[in-house]
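Asker: Take this structure, written in structure tokens, and hold onto it; I'll ask about it next.
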DNA sequence: TAGAAATACGACTAAATTGGTCGTATTAAA
DNA sequence: TTTAATACGACCAATTTAGTCGTATTTCTA
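Chains as they are written, first to last, in my numbering: chain A, 778 to 910; chain B, 778 to 910.
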């Protein structure tokens, strides 16, 4: 269906909430507000932290805050962190050795789709948190 | 990973091949040329036929040919026929009653992503077979 | 200094989606 | 009438994604 995964949606929801609140937020708080399973939310926030989009404070009174300017957090960033590389087709992204057409050298759509894919990535890179108003 | 399904890839490969050959092609022929499982290829061609992108000739010496001008066959067409509606997020596409955030009225990303999604669809609608050279 | 509230994270299970197969029907040319 | 083709629904297998569990670590506060 060519859609963003549920997890990335959760990530975007959380980032927007954290941005708007503009102070330390806990995983539980976001989980409660948006009916997202706590453990799942926590793991996603941890991924975003590891990737440098959020910074975290451990311990009691801890939580997460944005580690970057919201105009520097693109949808593409979020999706790539949570779902892995964006690729309309994977032959051009990951050099998949599992694509029969690629391996046999018979694929007739690789190059053109590669170009289209790059345009798409550019597009997603240009849309940032601040565009999500 | 936000990628087109294998089946849609098969569909695009087939359409491009049929376009370039410019005469009746059988499912077996495409299957053989591109190492695509025959039954699978056949079903995809049938879907594209039902949707009006291809026309078919039954019986011996039968096969498929384009039913439209290649400049009128967009990538979006193909994906929607094979994978179903294109939607970065599904709240804005299918009125999914399974989205908890949507149902509880707490989703903070629905509208902005809806707009972004529309742009994306426009983009995929503008890319046609003739762009896949 | 103990307990509670929080992040961190790997391993696992469950659910959903997707890819592929099978069987059977239908059509039309040779 | 046989054969080569499309048509199609039902089914199974594989992969991917979502969600859970257990445990460790950090740090505030009483």
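Just so you know, even glycine gets a beta-carbon here, dropped at the ideal spot from N, CA and C.
Helix or strand or just coil, what does DSSP make of residue 880 of chain A?
Answerer: Residue 880 of chain A falls in the helix class under three-state DSSP.
Asker: DSSP puts residue 841 of chain A in a beta bridge; with which residues?
Answerer: According to DSSP, which records beta bridges pairwise, residue 841 of chain A is partnered with A:802 and A:833.
Asker: How long is the line joining the alpha carbons of residue 785 of chain A and residue 830 of chain B, rounded to whole angstroms?
Answerer: Computed Cα separation, rounded: 33 angstroms.
Asker: Can you give me the Cβ contacts of residue 904 of chain A inside the same chain, cut-off strictly under 7 angstroms, excluding the 5 residues immediately before and after it?
Answerer: Closer than 7 angstroms at Cβ, skipping near neighbours: 851 and 852.
Asker: Can you grab the Cα-Cα spacing for the pair residue 832 of chain B / residue 816 of chain A, in whole Å?
Answerer: Spanning the two alpha carbons is a distance of roughly 51 angstroms.
Asker: May I have the straight-line CA-CA distance separating residue 859 of chain A from residue 847 of chain A, to the nearest angstrom?
Answerer: Looking at the two C-alpha atoms, the distance is approximately 18 angstroms.
Asker: Check residue 824 of chain B in the structure and name its three-state DSSP category.
Answerer: Residue state, collapsed to three classes: helix.
Asker: Residue 865 of chain A and residue 901 of chain A: beta carbons closer than 8 angstroms?
Answerer: Not a contact, by the Cβ cut-off of 8 angstroms.
Asker: Measure the CB-CB distance between residue 841 of chain B and residue 893 of chain B and report whether it falls below 8 angstroms.
Answerer: Cβ distance not < 8 angstroms, so residue 841 of chain B and residue 893 of chain B don't count as in contact.
Asker: Suppose you measure from the CA of residue 885 of chain A to the CA of residue 792 of chain A; what does that come to, to the nearest Å?
Answerer: If you take the alpha carbons of residue 885 of chain A and residue 792 of chain A, they lie about 40 angstroms apart.
Asker: Going along the chain, which residues of its own chain have a beta-carbon closer than 8 angstroms to the beta-carbon of residue 849 of chain A, five neighbours each way excluded?
Answerer: Cβ neighbours of residue 849 of chain A beyond the five flanking positions: 905.
Asker: If residue 789 of chain A sits next to residue 779 of chain B, beta carbons under 8 angstroms apart, how far is it from one beta carbon to the other, in whole angstroms?
Answerer: Contact flag wrong, Cβ pair sits at about 13 angstroms.
Asker: Can you tell me which of the three DSSP states residue 782 of chain A falls into?
Answerer: Here residue 782 of chain A sits in coil by DSSP.
Asker: State the Cα-Cα distance for the pair residue 857 of chain B and residue 837 of chain A, rounded to the nearest angstrom.
Answerer: Taking the straight line joining both Cα atoms gives about 49 angstroms.
Asker: Excluding five sequence neighbours on each side, which residues of the same chain lie with their C-beta closer than 6 angstroms to the C-beta of residue 879 of chain A?
Answerer: Closer than 6 angstroms at Cβ, skipping near neighbours: 868.
Asker: Between the alpha carbons of residue 843 of chain B and residue 826 of chain B, how many angstroms are there, rounded?
Answerer: Approximately 9 angstroms, taken between the alpha carbons.
Asker: Under 8 angstroms Cβ-Cβ, which residues of chain B neighbour residue 907 of chain A?
Answerer: Simply none; closest approach about 10 angstroms.
Asker: Alpha carbon to alpha carbon, how far is residue 813 of chain B from residue 787 of chain B? Give it in angstroms, no decimals.
Answerer: When rounded, the distance between both Cα atoms is 8 angstroms.
Asker: Quick one: what's residue 851 of chain B bridged to in DSSP?
Answerer: DSSP, once it has assigned bridges, lists B:905 as partnering residue 851 of chain B.
Asker: Just the chain B side, please: which residues come within less than 9 angstroms of residue 807 of chain A by C-beta, in chain order?
Answerer: Under the 9 angstroms cutoff, chain B gives no residues; its nearest Cβ is about 11 angstroms from residue 807 of chain A.
Asker: Inspect the beta-carbon positions of residue 810 of chain B and residue 883 of chain A and report whether they are closer than 8 angstroms.
Answerer: Their beta carbons are under 8 angstroms apart, which means residue 810 of chain B touches residue 883 of chain A by this criterion.
Asker: Give the interface partners of residue 794 of chain A over in chain B, defined as CB-CB distance under 9 angstroms, in chain order.
Answerer: Near residue 794 of chain A (Cβ distances below 9 angstroms), the residues of chain B are 885.
Asker: Taking only the alpha-carbon atoms, compute the straight-line gap between residue 908 of chain A and residue 898 of chain B and give it to the nearest angstrom.
Answerer: One C-alpha to the other measures close to 18 angstroms.
Asker: Examine chain A for any beta-carbon lying closer than 8 angstroms to the beta-carbon of residue 786 of chain B, and answer yes or no.
Answerer: It does; some Cβ of chain A falls within 8 angstroms.
Asker: Any idea if residue 781 of chain B is buried or exposed, counting beta-carbon neighbours within 10 angstroms, 16 or more meaning buried?
Answerer: Flag for residue 781 of chain B reads buried.
Asker: If we count the other Cβ atoms within 10 Å of its Cβ and call it buried at 16 or more, is residue 808 of chain B buried or exposed?
Answerer: With 16 or more other Cβ atoms within 10 Å, it is buried.
Asker: Please go through the same chain and pick out, in chain order, the residues whose beta-carbon is closer than 8 angstroms to the beta-carbon of residue 800 of chain B, but skip the five residues on each side of it.
Answerer: Excluding sequence neighbours, residue 800 of chain B sits near 842.
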